[in-house]
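Chemist: Please read through the structure below; I'll follow up with questions.
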Amino acid sequence: MNTLEAIRTRRSIRRFKSDPLPEDVLKEILTAATLAPSGKNKQPWRFVVVRADKRPELIAVMRAGLAARKAEGVPLGSSEWTTKVMEQAPVTLLIFNIAEEDPFGRKDFGDVFGNMVDVQSIGAAIQNLLLAAQELGVGSLWICDIFYAYGEVCTWLNERHQLIAAVSLGYADEAPLPRPRKALDEVVRWL
Ligand SMILES: Cc1cc2nc3c(=O)[nH]c(=O)nc-3n(C[C@H](O)[C@H](O)[C@H](O)COP(=O)(O)O)c2cc1C
Numbered sequence: 010m011n012t013l014e015a016i017r018t019r020r021s022i023r024r025f026k027s028d029p030l031p032e033d034v035l036k037e038i039l040t041a042a043t044l045a046p047s048g049k050n051k052q053p054w055r056f057v058v059v060r061a062d063k064r065p066e067l068i069a070v071m072r073a074g075l076a077a078r079k080a081e082g083v084p085l086g087s088s089e090w091t092t093k094v095m096e097q098a099p100v101t102l103l104i105f106n107i108a109e110e111d112p113f114g115r116k117d118f119g120d121v122f123g124n125m126v127d128v129q130s131i132g133a134a135i136q137n138l139l140l141a142a143q144e145l146g147v148g149s150l151w152i153c154d155i156f157y158a159y160g161e162v163c164t165w166l167n168e169r170h171q172l173i174a175a176v177s178l179g180y181a182d183e184a185p186l187p188r189p190r191k192a193l194d195e196v197v198r199w200l
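Numbering (this note's numbering), first residue to last: 10 to 200.
And the structure:
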């Protein structure tokens, strides 16, 4: 599969088979993530791999976060559904930015532009990861609903760095049609 084919055929997967992901496949996907470009080659990404044994803990932490947000009156959006997807996925990666401390006041957040650089670098790593997964026949879901349980996840992992995203991985049990995209002339301004 060439790169453009991987880009064109990748879909967000929200139904996974229970088959585990072999460790060598997971390592290849993680290696692809680390080959992404990064500002000043800082490689600010860190990945926490949550597999079957620890999945119940992750889901309990997510649900505790969702319950706390609900009690605070925060609308939960798609987060309950996303948690159900994470519950099915054989692997979920939690992805942190080590270059900045967490933004909720536990330490200085550093300068905004520096953070933008590092977050872009991590976005590139995540996209590499998704495309490598696609080439290897592995389905993926990029998840930011994890933010509903931001503090709970960081406390669970005793992690002081900035939580950026989660990615669930596994063999797809669905084949979604392409989701709509805006036309080029809606998103590109030619000079
Ligand atoms: C930064 C980011 C955060 C996302 N967070 C979630 C999420 O929390 N839950 C979810 O189901 N999908 C999430 N998605 C997946 C998007 O909904 C999906 O990419 C979009 O609808 C387009 O569909 P496609 O990926 O199949 O092309 C996220 C995607 C990105 C890039």
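Just so you know, even glycine gets a beta-carbon here, dropped at the ideal spot from N, CA and C.
Report yes if the C-beta of Ser130 is less than 7 Å from at least one heavy atom of ligand 2; otherwise report no.
Modeler: For the structure depicted, ligand 2 is absent and the ligand set comprises only ligand 1.
Chemist: Let's test the definition: count the other Cβ atoms within 10 Å of the Cβ of Trp199 and tell me whether it reaches 16, buried, or not, exposed.
Modeler: Exposed, because fewer than 16 other Cβ atoms sit within 10 Å of the Cβ of Trp199.
Chemist: Looking at Asn137: is its Cβ nearer than 8 Å to the Cβ of Ala73?
Modeler: Their beta carbons are not under 8 Å apart, which means Asn137 does not touch Ala73 by this criterion.
Chemist: Considering only residues of the same chain and omitting the five flanking positions on each side of Leu44, which have a CB-CB separation below 8 Å?
Modeler: If we look at Leu44 and ignore the five residues flanking it on each side, its Cβ neighbours are Asn137.
Chemist: Quick check on the contact list: which residues have their beta carbon closer than 5 Å to a heavy atom of ligand 1?
Modeler: Going by the Cβ distance cut-off, the answer is Arg20, Ser21, Thr91, Trp151, Ile152, Cys153, Asp154 and Arg188.
Chemist: Could you tell me how far apart the beta carbons of Leu140 and Arg19 are, in whole angstroms, since I believe they sit closer than 8 Å?
Modeler: About 7 Å; that satisfies the 8 Å criterion.
Chemist: Can you tell which of Ser130, Ala175 and Val147 has the C-alpha that lies nearest to the C-alpha of Gln52?
Modeler: Ranking Ser130, Ala175 and Val147 by Cα distance to Gln52 puts Ser130 first.
Chemist: Which parts of the segment 100-174 are runs of the alpha helix (DSSP H), unbroken and 4 residues or longer, counting only runs that do not cross its ends?
Modeler: With a minimum length of 4 residues, the continuous alpha helix (DSSP H) runs that stay inside the segment 100-174 are 121-144 and 159-166.
Chemist: Tell me whether Gly82 sits in a helix, a strand or coil according to DSSP, three-state version.
Modeler: Gly82: coil per DSSP, three-state reduction.
Chemist: Identify whether Arg188 lies in helix, strand or coil by the three-state DSSP scheme.
Modeler: Correct three-state label for Arg188: coil.
Chemist: Is the segment 149-158 touching the segment 174-187 in the sense that three or more CB pairs, one from each, lie closer than 8 Å?
Modeler: Taking 8 Å as the limit for Cβ pairs, the verdict is that the segment 149-158 does touch the segment 174-187.
Chemist: Quick one: using the 10 Å Cβ neighbour count with 16 as the cut-off for buried, is Trp90 buried or exposed?
Modeler: Exposed: under 16 other Cβ atoms inside 10 Å.
Chemist: Using a threshold of 8 Å, state whether the C-beta atoms of Ile38 and Leu145 are closer than that.
Modeler: Going by C-beta atoms, Ile38 is nearer than 8 Å to Leu145.
Chemist: Mapping DSSP to helix, strand and coil, what is Ala69?
Modeler: Helix at Ala69.
Chemist: With three or more beta-carbon pairs closer than 8 Å as the criterion, would you say the segment 120-129 touches the segment 181-190?
Modeler: Touching, no, given that fewer than three Cβ pairs across the two stretches are closer than 8 Å.
Chemist: Along the chain, where does the beta strand (DSSP E) containing Val58 start, and where does it finish?
Modeler: Per DSSP, Val58 belongs to the beta strand (DSSP E) from Trp54 to Val59.
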